[in-house]
Amino acid sequence: MREIASVAAMQRLARQWRRRGVRVGFVPTMGYLHEGHLSLVHAARRRVGTGGVVVVSIYVNPTQFAPHEDLARYPRDLARDRRLCRQAGVDVLFVPTDAEMYPRPPGAEFSTYVVEEVLSRGMEGASRPTHFRGVTTVVAKLFNLVLPDVAVFGAKDYQQAAVVRRMVRDLNFPIEIVVAPTVREPDGLAMSSRNQYLDAVTRPQASVLWQALEAVRQRVRAAPGGIPAGRLARLVSACVGRAPAARLDYVAFFDPETLQPLRTVRRGAHMALAVFLGGTRLIDNARLE
Ligand code: PAF
């Protein structure tokens, strides 16, 4: 496995691959890797085959964190990530620094952002207003550096995947976006680097997100004519309220393609929620099949 920290070196290598017709699979991450990330690496490998290359980037992107959020304490362990990537058969680990990604020469500061203006408005975008601007900007930059044929994102960040897909379509990136299923702990908790923040009190309560998704799924399954979203939101509030450390940030029921909120929820709709457990904010989502 080769490790690259410089933007210029990454782009040079990507251009060589392109000239030689090598297929490139890409998994952008913020590190502190877990099985969910590794499943994305395997999905990328399946897409490009043994003749292709798989690139993983590890970069905790400051522009997608608001000033009050967890940028400074976001978990980092490059030595462990390196080991996991090598074991998973990653070809190139791209680990740029802030100075490489957002150079600040006096008088020529970074000042260009990519903004998706429809799908990014609600849910995470409403709770974290500057978040998606940071995500689309860094993902566009990474795409320009790695020049992938296919990029793999996790379904746990459902809205992020939809926003990236839209950006790729609107800005004509010649890249296939693959969304791989969420990997869960045995109690249903979606794997996330932020689960690391949970302690002996909050960790057992974190399965409340999965319990709320399951409760809604069952209710929707039993009501073929549909159920008012407000009634389901009250069910979710009650479910989350049973975990003493949990506080519901939002729950949303929406069309899986347009992300438009639904008044009446039927099978095939999508649900997403964000819950604070103590100081840790977790998200999850599921299709209501
Ligand atoms: O999902 C993530 O880890 C990040 O949002 C991403 C896509 C790597 C951009 O920083």
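Using our numbering, read the sequence shown as starting at 1 and increasing by one per residue.
For every residue, glycine included, the Cβ atom is placed at its ideal position computed from N, Cα and C.
Alpha carbon of residue i to alpha carbon of residue j, nearest angstrom
| i | j | result |
| --- | --- | --- |
| S120 | L84 | 32 Å |
| F110 | L38 | 32 Å |
| V150 | A246 | 37 Å |
| G49 | D187 | 33 Å |
| S237 | P204 | 18 Å |
| R221 | L288 | 8 Å |
| H42 | E69 | 31 Å |
| E211 | P181 | Reading off the sequence shown, one finds Gln at residue 211, where the question assumed Glu. Rounded to the nearest angstrom, the two C-alpha atoms are 18 Å apart. |
| Q16 | A88 | 24 Å |
| A161 | V152 | 9 Å |
| G31 | L209 | 23 Å |
| A14 | G268 | 39 Å |
Beta-bridge pairing of residue i - partner residues as DSSP gives them
| i | result |
| --- | --- |
| H270 | F254, R287 |
| I4 | F94 |
| R247 | F276 |
| R184 | A190 |
Cutoff 6 Å; reference residue i; Cβ partners in own chain excluding five residues on either side
| i | result |
| --- | --- |
| V163 | E116, L119, S120, F132 |
| Q11 | L145 |
| S57 | P28, F94, L142 |
| Y102 | F110 |
Beta-carbon gap between residue i and residue j smaller than 8 Å
| i | j | result |
| --- | --- | --- |
| V95 | L78 | yes |
| Q64 | V168 | no |
| V24 | P148 | yes |
| Q159 | L259 | yes |
| L213 | D284 | yes |
| R76 | V60 | yes |
| A215 | L235 | yes |
| S207 | L282 | no |
| R2 | V92 | yes |
7 Å Cβ shell around residue i - same chain, five flanking residues per side excluded
| i | result |
| --- | --- |
| R263 | P228, A229 |
| T97 | A5 |
8 Å Cβ shell around residue i - same chain, five flanking residues per side excluded
| i | result |
| --- | --- |
| A252 | G122, M123, P261, M271, A272, L273 |
Contact test: residue i Cβ vs ligand 2 heavy atom, cutoff 7 Å
| i | result |
| --- | --- |
| N195 | This structure simply doesn't include ligand 2; it includes ligand 1 instead. |
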